[in-house]
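Numbered by my numbering, the letters in the sequence shown go through residues 184 to 491 in order.
Backbone N, C-alpha and C fix where the C-beta goes; we use that ideal spot for every residue, glycine too.
This one's a predicted model, so the numbers in the text were calculated from it and none came from an experiment.
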Amino acid sequence: MAGFFSKLKDKLTKTREGFVDKVEQIFSRTGKIDEELYEELEDILIQADVGVNTSLELVEKLRQAVKERKLSDPEMLREVMQEQIREILGEQSSLNFAPSGPTVYLIVGVNGVGKTTTIGKLAKNLQNQNKSVLLAAGDTFRAAAIDQLEIWGQRVGVDVIKQAEGADPAAVAFDAVKAAKSRKIDVLLIDTAGRLHNKINLMKELSKIKKVIEREIEGAPHEVLLVLDATTGQNALQQVKLFQEAADVTGIVLTKLDGTAKGGVILGIQNESQIPVKLIGVGETADDLKPFDPEEFAQALFARNEEG
Ligand SMILES: Nc1nc2c(ncn2[C@@H]2O[C@H](COP(=O)(O)OP(=O)(O)OP(=O)(O)O)[C@@H](O)[C@H]2O)c(=O)[nH]1
Ligand SMILES: [Mg+2]
Numbered sequence: 184m185a186g187f188f189s190k191l192k193d194k195l196t197k198t199r200e201g202f203v204d205k206v207e208q209i210f211s212r213t214g215k216i217d218e219e220l221y222e223e224l225e226d227i228l229i230q231a232d233v234g235v236n237t238s239l240e241l242v243e244k245l246r247q248a249v250k251e252r253k254l255s256d257p258e259m260l261r262e263v264m265q266e267q268i269r270e271i272l273g274e275q276s277s278l279n280f281a282p283s284g285p286t287v288y289l290i291v292g293v294n295g296v297g298k299t300t301t302i303g304k305l306a307k308n309l310q311n312q313n314k315s316v317l318l319a320a321g322d323t324f325r326a327a328a329i330d331q332l333e334i335w336g337q338r339v340g341v342d343v344i345k346q347a348e349g350a351d352p353a354a355v356a357f358d359a360v361k362a363a364k365s366r367k368i369d370v371l372l373i374d375t376a377g378r379l380h381n382k383i384n385l386m387k388e389l390s391k392i393k394k395v396i397e398r399e400i401e402g403a404p405h406e407v408l409l410v411l412d413a414t415t416g417q418n419a420l421q422q423v424k425l426f427q428e429a430a431d432v433t434g435i436v437l438t439k440l441d442g443t444a445k446g447g448v449i450l451g452i453q454n455e456s457q458i459p460v461k462l463i464g465v466g467e468t469a470d471d472l473k474p475f476d477p478e479e480f481a482q483a484l485f486a487r488n489e490e491g
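Okay, structure coming up:
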């Protein structure tokens, strides 16, 4: 959709300026392809939060391509670089749905990354696809978290299953799954707390919630979505590792890509973790959640300012 494409292009402006534009500047500035160029490129990639391993890999592949294709003009590197970034961004990976009966998604991630907001946006998104949605306030850590989910529920017109502050999140999940089944809901979205102080606690709590869900619905949860905040750059990669061990994460939601220059982190995530980015958050409103389409993302990233 042309409308969304130009919007995505606008949202990625900072990342484009802080990363792609800088890379392209060194390609057009330097007269020859030499060690200095490779080193400068490596620095830019690392500073753009692409991740050290992925940055080194990218530059190595560039060196190989230069050798194989006998390139001598730095301008020609632009195309090679774009090709490689597209390759790293990979194929589109869409959300998994139950073949029949309610689909259940568990939304996890550390404090403040955008879990609750993502649930609100996703609820609207699913409704737009004519699916009925139910929310579960599994973040029982503080009353404000439950209120926040209810505000989203009202905003997009879906019910929220909740218990009092301090209740067992697994009990909330149990109620919610029961309700989803009896009301014949298409998709149940379960919020969780981001404030678990260590991996052991996190594992215990998440596995308890998962067990409850699995017992009620075979094959559920159909997605465990890890929400990551793009503005935290390299920390996001660390969180992937933590949650990969604590829960079987099936997909990543990368939020706050709007207004950050650290969007290059998506390359590190796609390259260094086995978990695909499925959704991206590009703002605070209900319409600011999109399926991650690598091709569209690459196009928006490399778009020239005068285009589109
Ligand atoms: N700009 C921008 N802001 C976002 C996006 N997603 C979430 N936010 C904002 O980030 C802040 C935190 O979002 P929450 O949804 O409360 O995060 P959370 O993970 O539920 O936080 P806790 O419940 O405290 O763990 C809010 O102010 C959101 O509006 C996004 O894609 N872009
Ligand atoms: Mg929350």
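*Taking C-alpha atoms, which residue in Gly297, Asp471 and Ser283 lies nearest to Gly402?*
Ser283
_Beta-carbon separation (whole angstroms), Gly321 vs Thr286, contact threshold 8 Å_ = Between Thr286 and Gly321 the Cβ distance is about 16 Å, and since that is not below 8 Å, they are no contact.
*asked:* Using 7 Å as the threshold, is the C-beta distance between Thr438 and Gly297 below it?
replied: The beta carbons of Thr438 and Gly297 sit closer together than 7 Å.
_Straight-line Cα distance separating Lys205 from Gly214_ = Linking Gly214 to Lys205 through their CA atoms gives a straight-line distance of about 16 Å.
*So which residues touch the region around ligand 2, with touch meaning a C-beta under 7 Å from any heavy atom?*
Lys298, Thr299, Asp322, Ala328, Gln331, Asp374 and Gly377
*Chain-order list of residues whose beta-carbon lies under 7 Å from that of Leu220 (same chain, five-residue window excluded)*: Take Leu220, set aside five residues on each side of it, and the residues of its chain with a beta-carbon closer than 7 Å to its own are Ile209, Thr213 and Pro257, in chain order.
*Should Asn384 be labelled buried (16 or more other beta-carbon atoms within 10 Å of its own) or exposed?*
exposed
*Note the first and the last residue of the continuous alpha helix (DSSP H) segment covering Asp226.*
Glu218 to Gln230
*Could you check which residue in Gln310, Asp351 and Asp471 has the C-alpha nearest to that of Ala325?*
The amino acid at residue 325 is misidentified as Ala; the sequence shows Arg. Comparing Cα positions, the closest option is Asp351.
*Counted within 10 angstroms of its Cβ, other Cβ atoms place Lys250 as buried (16 or more) or exposed*: exposed
*What is the C-beta distance between Ala444 and Val407, in whole angstroms, given that I count them as a contact (C-beta under 8 Å)?*
With a Cβ gap of about 29 Å, Ala444 and Val407 do not count as contacting.
*Do Gly466 and ligand 1 come close, with the Cβ less than 6 Å from some heavy atom?*
Gly466 has its Cβ nearer than 6 Å to a heavy atom of ligand 1.
*Quick one: complete beta strand (DSSP E) runs, 3+ long, within the segment 448 to 475?*
460 to 464 and 472 to 474
_Beta-carbon proximity list for Val465, same chain, < 6 Å, skipping 5 on both sides_ = Lys194, Leu440, Asp441 and Asp471
*asked:* For Leu389, tell me which candidate among Ala413, Ala353, Ala359 and Gly295 has the shortest Cα-Cα distance.
replied: Ala353
*Cβ of Asp441 versus every heavy atom of ligand 1: is any distance shorter than 6 Å?*
With a cut-off of 6 Å, the C-beta of Asp441 is classified as near ligand 1, since at least one heavy atom of the ligand falls inside that distance.
*Extent of the continuous alpha helix (DSSP H) run through Leu309*: Lys298 to Asn311
*Are Ser315 and Ile368 touching if we call contact CB-CB under 7 Å?*
Cβ atoms of Ser315 and Ile368: closer than 7 Å.
*Considering only C-alpha positions, which residue in the set Asn279, Lys244, Leu278 and Leu272 is nearest to Val263?*
Lys244
*Taking Asp342 as the reference, which of Val370, Ala327 and Thr323 has the closest Cα?*
Val370
*Can Gly214 be considered in contact with ligand 1, in the sense that its beta carbon sits closer than 6 Å to one or more heavy atoms?*
no
*Distance, Gly201 Cα to Lys387 Cα*: 40 Å
_Nonlocal neighbours in the same chain, by C-beta distance under 7 Å from Leu224, ignoring five residues either side_ = Closer than 7 Å at Cβ, skipping near neighbours: Val206, Ile209 and Val242.
*For Ile329, the three-state DSSP class (helix, strand or coil)*: DSSP places Ile329 in helix when its eight states are reduced to three.
*Within the same chain, show all residues whose beta-carbon is closer than 7 Å to that of Arg495, passing over the 5 residues directly before and after it, in chain order.*
The shown model of the chain, from 184 to 491, leaves out residue 495, and the question about it has no answer.
*Can you tell me which of the three DSSP states Ala430 falls into?*
coil
*Would you say the beta carbon of Asn279 comes nearer than 6 Å to a heavy atom of ligand 1?*
no
*Which ranges does the beta strand (DSSP E) cover as unbroken runs of at least 3 residues, wholly within the segment 239 to 294, from first to last along the chain?*
286 to 291
*Cβ atoms of Asp358 and Ile344: under 7 Å apart, would you say?*
The Cβ atoms of Ile344 and Asp358 lie closer than 7 Å to each other.
*Out of Arg487, Leu289 and Phe475, which has the shortest C-alpha to C-alpha gap to Gly273?*
Phe475
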